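Worksheet: the structure to be examined is printed underneath.
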Amino acid sequence: MQKAELLERYDAGERNFSEIDLSHIDLSGQNLSGATFTKSKLKYTNLEGAYLFGVNFRHSYIVDTNLAHAQLCGANLWGVNFQGSVLAAANLSDAYLRGTYLLKADLSKVNLQRANLQRSYLWGANLNHSDLRDANLTGVNLDSATLMLAELSEANCQDSSMKGANLSGACLIGASLDRANLSHANLSLAELSEASLKYALLTDAILDQANLSSTNLTHAHVTLDSFQNVKLSRTILPDTSIVDTPPAMLTI
Numbered sequence: 008m009q010k011a012e013l014l015e016r017y018d019a020g021e022r023n024f025s026e027i028d029l030s031h032i033d034l035s036g037q038n039l040s041g042a043t044f045t046k047s048k049l050k051y052t053n054l055e056g057a058y059l060f061g062v063n064f065r066h067s068y069i070v071d072t073n074l075a076h077a078q079l080c081g082a083n084l085w086g087v088n089f090q091g092s093v094l095a096a097a098n099l100s101d102a103y104l105r106g107t108y109l110l111k112a113d114l115s116k117v118n119l120q121r122a123n124l125q126r127s128y129l130w131g132a133n134l135n136h137s138d139l140r141d142a143n144l145t146g147v148n149l150d151s152a153t154l155m156l157a158e159l160s161e162a163n164c165q166d167s168s169m170k171g172a173n174l175s176g177a178c179l180i181g182a183s184l185d186r187a188n189l190s191h192a193n194l195s196l197a198e199l200s201e202a203s204l205k206y207a208l209l210t211d212a213i214l215d216q217a218n219l220s221s222t223n224l225t226h227a228h229v230t231l232d233s234f235q236n237v238k239l240s241r242t243i244l245p246d247t248s249i250v251d252t253p254p255a256m257l258t259i
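If you want this note's numbering, it's the 1-based position in the sequence shown plus 7.
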C-alpha cells in the first residue's frame with residue numbers, strides 16, 4: 008500500500024489495515040492512532056515522531072524501521088519482531104510488548120512506564136537512560152543489554168535473565184528481582200534500596216558503591232568479596248541475618 012492511499016483511507020474513517028505491507032514508506036509525523044496493523048510488514052519504514060496511540064501491531068514484522076520519538080502509548084505490540092529497529096526516545100508507556108523480539112534494538116531514553124514486556128527478548132539492547140518504572144519484566148531476556156542510568160523503580164523483574172548486563176547507576180528502588188540471573192552484571196553505583204533479590208544469582212556481579220539499604224538478599228547466590236565498598240543498612244543477607252553496618256568479613 009502506498010502512503011497516499013493509506014492516509015486517504017484513514018482520514019475516511021477506516022481503521023483496519025491488517026496484513027498489509029508498508030515497507031519503504033515515509034510516515035514520519037503522521038497520525039495513525041487507533042489503527043490496526045496486525046500481521047503487517049514494515050521494513051525500512053520511517054515512523055519517526057508518528058502518533059500511534061493505541062495502535063495494534065500484534066504479530067507484525069517491524070524490522071530496520073525508524074520509530075524514534077514515536078508516540079506508542081497503550082499500543083498492542085504483542086509478538087512483534089523489532090530487530091534492527093530504532094525506538095530511541097519513543098513513548099511506549101502502558102504498551103503491551105509481551106513476547107516481542109528486540110535483539111540489539113535502540114531503546115535509549117524510551118518511556119516504558121507500566122509497559123508489559125513479559126518474556127520479551129532484548130539481548131544486547133540499548134536501554135540507557137530509559138524509564139521502566141512499574142514495568143513488567145518477568146521472564147525477560149536482557150543478557151548483555153545496557154541499562155546505564157535506567158529508571159527501574161518498582162519494576163517486576165522476577166525470573167529475568169540479565170547476565171552480563173550493564174546496570175551501572177541504574178535506579179532499582181523497590182524493584183522485584185527474585186530469582187533473577189545477574190551473574191557478571193555491572194551494578195556499580197546502582198540504587199537497590201528496598202529491592203527484593205531473593206534467590207537471585209549474583210555470581211561475579213560488580214556491586215561497587217551500590218546501595219543495598221533495606222534490600223532483601225535471602226538465599227541469593229553472591230560471593231563474599233562482592234560486598235566490599237557497598238552500602239549495607241538494614242540489609243537482609245543470604246543467610247537471613249540483618250546487617251546495619253558493613254562488617255570487615257561476612258559469613259554467608
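Backbone N, C-alpha and C define an ideal beta-carbon position, used for all residues, glycine too. The model shown is predicted, which means the values in this text are computed figures rather than measured ones.
Apart from the five residues on each side of it in sequence, which residues of its chain come closer than 7 Å, Cβ to Cβ, to Arg241? The answer, listed in chain order, is Ser220, Ser221, Ile249, Asp251.
Does Thr264 pass the burial test, meaning 16 or more other C-beta atoms within 10 Å, or should it be called exposed? In the structure as shown, the chain begins at 8 and stops at 259. Residue 264 is therefore absent and cannot be evaluated.
In chain order, which continuous runs of the beta strand (DSSP E) of length 3 or greater are located wholly inside the region 120-192? Within the region 120-192, no run of beta strand (DSSP E) at least 3 residues long lies entirely inside it.
On the DSSP bridge list, what partners appear for Asp18? Paired residues: none, contrary to the question.
Considering only the alpha carbon of each residue, which of Leu209, Val93, Asn143, Asn173 lies closest to His76? Comparing Cα positions, the closest option is Val93.
Going by beta-carbon coordinates alone, are Gly36 and Ala57 separated by less than 9 Å? The Cβ-Cβ distance between Gly36 and Ala57 falls below 9 Å.
Identify, in the order they occur along the chain, each residue of the same chain with its Cβ nearer than 6 Å to the Cβ of Ile32, setting aside the five sequence neighbours on each side. The answer, listed in chain order, is Lys10, Thr52.
Rounding to the nearest angstrom, what Cα-Cα distance links Met256 and Ser40 in this structure? With a pLDDT of 39 at Met256, under the threshold of 50, the modelled position of this residue cannot be trusted, and the question is left open.
Let me know the secondary structure DSSP gives Asp113 once reduced to three states. The answer is strand: DSSP assigns Asp113 an E or B state.
Is DSSP giving Ser220 helix, strand or coil here? DSSP, read as helix, strand or coil, puts Ser220 in coil.
Measure the C-alpha to C-alpha separation of Thr210 and Asp246 and round it to an integer number of angstroms. Their backbone Cα atoms lie some 16 Å apart in a straight line.
Mapping the DSSP letters down to three states, classify Lys46 as helix, strand or coil. Note: Lys46 maps to coil in three-state DSSP.
Taking the alpha carbon of Leu244 as the reference point, which residue from Asp215, Ser203, Ala212, Ala187 has its own alpha carbon closest? Distances from the alpha-carbon of Leu244 to those of Asp215, Ser203, Ala212, Ala187 put Ser203 closest.
Cβ-based neighbour list, Trp130, same chain, cut-off 8 Å, excluding 5 preceding and 5 following: So the qualifying residues of the chain are Leu110, Lys111, Asn148, Leu149, Asp150, Ser151, Ala152.
Taking 7 Å as the limit between beta carbons, can you name the residues of its chain near Ala81, skipping five residues before and five after? The sequence shown places Gly at residue 81, rather than the Ala named in the question. Answer for Gly81: Phe60, Gly61, Asp101, Ala102, listed in chain order.
According to DSSP, is Lys205 helix, strand or coil? Three-state DSSP puts Lys205 in coil, outside helix and strand.
So what does DSSP say about Asp33, is it helix, strand or coil? In the structure shown, Asp33 sits in a strand (DSSP, three-state: E or B).
For Asp28, which beta-bridge partners are listed by DSSP? DSSP lists Lys48 as partners of Asp28.
Leaving aside the five residues before and after Asn38 along the sequence, list all residues of the same chain whose C-beta is less than 7 Å from its C-beta, in chain order. Annotation for Asn38: Tyr58 place their beta carbon closer than 7 Å to its own, counting only its chain and skipping 5 residues before and after.
Would you tell me roughly how many angstroms separate the C-alpha atoms of Ile259 and Lys116, rounded to the nearest one? Note that Ile259 has pLDDT 41, beneath the 50 cutoff, so the model's placement of it is unreliable and the number below is only indicative. Whole-angstrom Cα-Cα distance: 38 Å.
Glu55 in three-state terms, based on DSSP: When DSSP states are grouped into helix, strand and coil, Glu55 belongs to the coil group.
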